[in-house]
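In the numbering used here, the protein residues as written are -15 to 605.
Down below is the structure, laid out as structure tokens.
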Amino acid sequence: MRSRFFAFVLGCVAIVALVGGVLATPNANEVNGSEDVELVEPPQQLAARLAAERQAALDSLLAPYEGLVRDRARPSDGEINHWADSVLATLSLEEKIGQLFVVDLKASWIIGARSLDQIARDWGIGGFHVPRSMAPRRVLSQTNRLQRVAKVPLFFTADYERGVGQPSNNFAELPASMALGAAADDLLAEAAGAVTAIEARATGVNVLFAPVADVNNNPSNPIINTRSFGEDPALVGRMAAAYTRGAQRHGALATLKHFPGHGNTDVDTHVSFGRVPGTWQDLLRTELAPYKVALEENPGMVMTAHLWVRGLDESEIPATFSHRAIADVLRDSLGYDGIVTTDAIHMGALTSRYSFSQRMRRPIEAGADLILNTYDPHRGIRVIRDAVRSGTLSEARIDQSVHRILRAKARLGLHRSRSESTGTLEVMLAQVNGERVAQGIADASITVLDRGSSLPIQVGSNVALVQLTNQSTSGTTAAMERMERDLQSLTTLTSFRGGSQSTVLAGVGRADVAVLALHLKVRQGAGTGLSSSQRALARAVIESGTPVVLALFGNPYTALDLPEPNALLVAYDPSRRSASAAANVLMGRRSATGRLPVSIPGRYAIGSGASANSMPTPLVD
């Protein structure tokens, strides 16, 4: 596939050539005494040099993994197709239908199942979905065992949007996608995809349900928010393409989600059915624009959204069931021939409106290939089998999807080797390998929207740190502790994690400056994340008379709930690396180079930031 980086390079070449022509002296020979002097580096040489420099920078970021990564060179198309054809020919109708299902990696959740082994061996399931919280050693133990008992190699999928890491292990826990949007650096996005793929494959996970290609242009969106790269379609497409490229060059299939777009809605489809407004032209300009870019990287999968997209369908139908969305637009118009997977088929958006049979059959009728996370796959297989026998679905239609699935499994090299080395995993877990990438993203993302008189905080200042959160997780606790430790090293610090308003305000009143750090996760029906008591306390701190730096970790739209502080800093997730990066900016040890990748209506335009007034020019062909 053609690299957008080279499109950028050629654009630079043209500019350099133009500027060189304008600024060249009338007679170069008079100045240099020679007719052989070149004023501009030849385009091909410049392109090669810049590509080499970029690759060297990426190699440096990934250097800690050297010697730990298996050679996962893609087999030839001939080898892929030969294996897919030969396996397809051996499968019965029920075995073929089994390949269309990916189920949760918890046997207790699967109706009628005695064990995961039974599901893999006897039911012929196409794959398993790995819970985000499962420890890496446990994941590898499960994936290796199930690969051994399955007749056909298995997909193992996971929602590793923020990497494989957790506070409890040494794998890379990456900042949220919106942090990458704020950094606006293709190289970091590609590195994020690469690190996630390397670490996922070490556990046996071979499909990443990432990146999110949704354009978050609705501040009230309760489920996408910082999972999106931002609200500029060109930026989202560029970041999604780079992430996909990094992931797939390092052995995993990437998944663009949630097609055709989940950004412009105020509904969480895990809970209820929602709608995306706008015309077909609106859809082309916004929701579909990132896909036009990112599909050039040939992602292994595209995931559908359980939303009615009005620009596509006149009747109220989820895109997951929409022939126009999947067959007409994604397949025909955008030319995608990879795997289309549903989002989890048991989500409230569908269970509240459609029968079990409809949820199994209608995605396949519309052109999808995989049904994700039904709790009753045995019954689901029967539904599809009966549809084939009754003529509602043809076996040729099933074969089409199964052939795509088998080709993808061969593309991953699973036909050659299914298992992963426990020794390699142990070496990876013994040290932190992704720090350069994770901290690099966090450092590049920090965005200062109002500097005020309180930034940077002076060394030795009396600082009151007030931290509030709406999620009690080990990651949030680690972030709070990091903020306390980093600020305490250079200031006289009084720290509060909530508490009574009178106690907090007394401490704030004695301080030279207060830092109000909000570690928030957006939730359906919870507005921007603050409870009424937290909002009252935050308002009181900002209006206390002491200069206040508001530091938002997570949802940037929280600024709309509060009075304007003396200074405003935005990170994009409540993690310890983002906390460390923010502390460095607060104390003046680093510059804030991030740019706001969304607009905060009535307050800040997209692209706002201390060091820039606009987003970088998108890379275009």
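We put the beta carbon where it would ideally sit given N, CA and C, even for glycine.
All figures in this text were calculated on a predicted structure; none of them were measured in a lab.
For VAL497, the enclosing beta strand (DSSP E) begins and ends at 497 to 504. Apart from sequence neighbours up to five positions away, the residues of its chain that approach PRO283 with a beta-carbon distance below 8 Å are THR228, GLN232, LEU237, ALA238, THR239, LEU240 and GLY322, ordered along the chain. Inclusion of ILE590 and GLU174 in the CB contact set at 9 Å is not warranted, their separation being larger than that value. Under the three-state reduction of DSSP, TRP292 is assigned to strand. A residue is called buried once 16 or more other Cβ atoms fall within 10 Å of its Cβ, and VAL286 is buried on that count. Rounded to whole angstroms, the Cβ separation of SER592 and LEU433 is 6 Å, and the two are in contact under 8 Å. Going by C-alpha positions, ALA535 is about 12 Å away from GLU548.
Judged by their CB atoms, ARG56 and GLY188 are not nearer to each other than the 9 Å cut-off.
Apart from the 5 residues on each side of it in sequence, ARG420 sits with its Cβ closer than 6 Å to the Cβ of LEU45 in its chain, given in chain order. In this structure, ASN154 is the residue among PHE193, ILE103 and ASN154 with its C-alpha nearest to the C-alpha of TYR49. LYS276 and GLY444 have their C-alpha atoms roughly 52 Å apart. According to the DSSP secondary-structure assignment, MET287 is paired through a beta bridge with LYS241 and THR325. Looking only at ALA97, GLY147, ALA565 and SER336, the smallest Cα-Cα distance to ALA176 is reached by GLY147.
Boundaries cannot be given for LEU84, as no alpha helix (DSSP H) includes it and DSSP labels it neither H nor E. Contact check for HIS387 and ALA68: beta-carbon distance about 6 Å, within the 8 Å limit, so the pair qualifies.
The beta carbon of GLU379 is closer than 7 Å to those of LEU77 and VAL372 in its chain, skipping five residues each way along the sequence.
Going by C-alpha positions, LEU30 is about 24 Å away from MET223. Secondary structure note for THR141: its beta strand (DSSP E) is the uninterrupted segment 139 to 142. Counting C-beta pairs closer than 8 Å gives fewer than three between the region 97 to 117 and the region 408 to 425, which falls short of the contact rule.
Around LEU580, the same chain offers ALA166, THR431, LEU433, PRO540, VAL554, TYR588, ALA589, ILE590, GLY591, SER592 and GLY593 as residues with beta carbons nearer than 8 Å, after the five sequence neighbours per side are excluded. THR376 and LEU75 have their C-alpha atoms some 21 Å from each other. Under the three-state reduction of DSSP, HIS307 is assigned to helix. Within the region 58 to 118, the runs of alpha helix (DSSP H) that reach at least 4 residues and sit entirely inside it are, in chain order, 61 to 72, 77 to 82 and 100 to 105.
Straight-line measurement puts the Cα of SER405 at about 33 Å from the Cα of ASP557. A distance below 8 Å between beta-carbons, with the five flanking residues on each side excluded, links ILE301 to the following residues of its chain, in chain order: TRP292. Less than 9 Å separates the beta-carbon of GLY110 from that of GLY82.
Its Cα nearest to that of SER60, the residue ARG391 stands out among SER403, ARG391 and ALA448. In the DSSP annotation of this structure, the continuous segment of the alpha helix (DSSP H) that includes ARG519 starts and ends at 516 to 526. At a Cβ-Cβ threshold of 9 Å, SER437 and ALA163 do not count as neighbours.
An exposed status is given to ASP316, since fewer than 16 other beta-carbon atoms sit within 10 Å of its beta-carbon.
In this structure, the beta-carbon distance from ILE425 to LEU158 falls below 9 Å. Taking a 10 Å sphere around the C-beta of GLY513, we find 16 or more other C-beta atoms and assign the residue as buried. VAL532 is bridged by DSSP to ALA498.
Bounds of any alpha helix (DSSP H) do not take in SER479; it lies within the beta strand (DSSP E) bounded by 476 to 480.
The C-alpha of HIS66 lies about 24 Å from the C-alpha of THR325.
With 16 or more neighbouring CB atoms inside 10 Å of its own CB, THR249 falls in the buried class.
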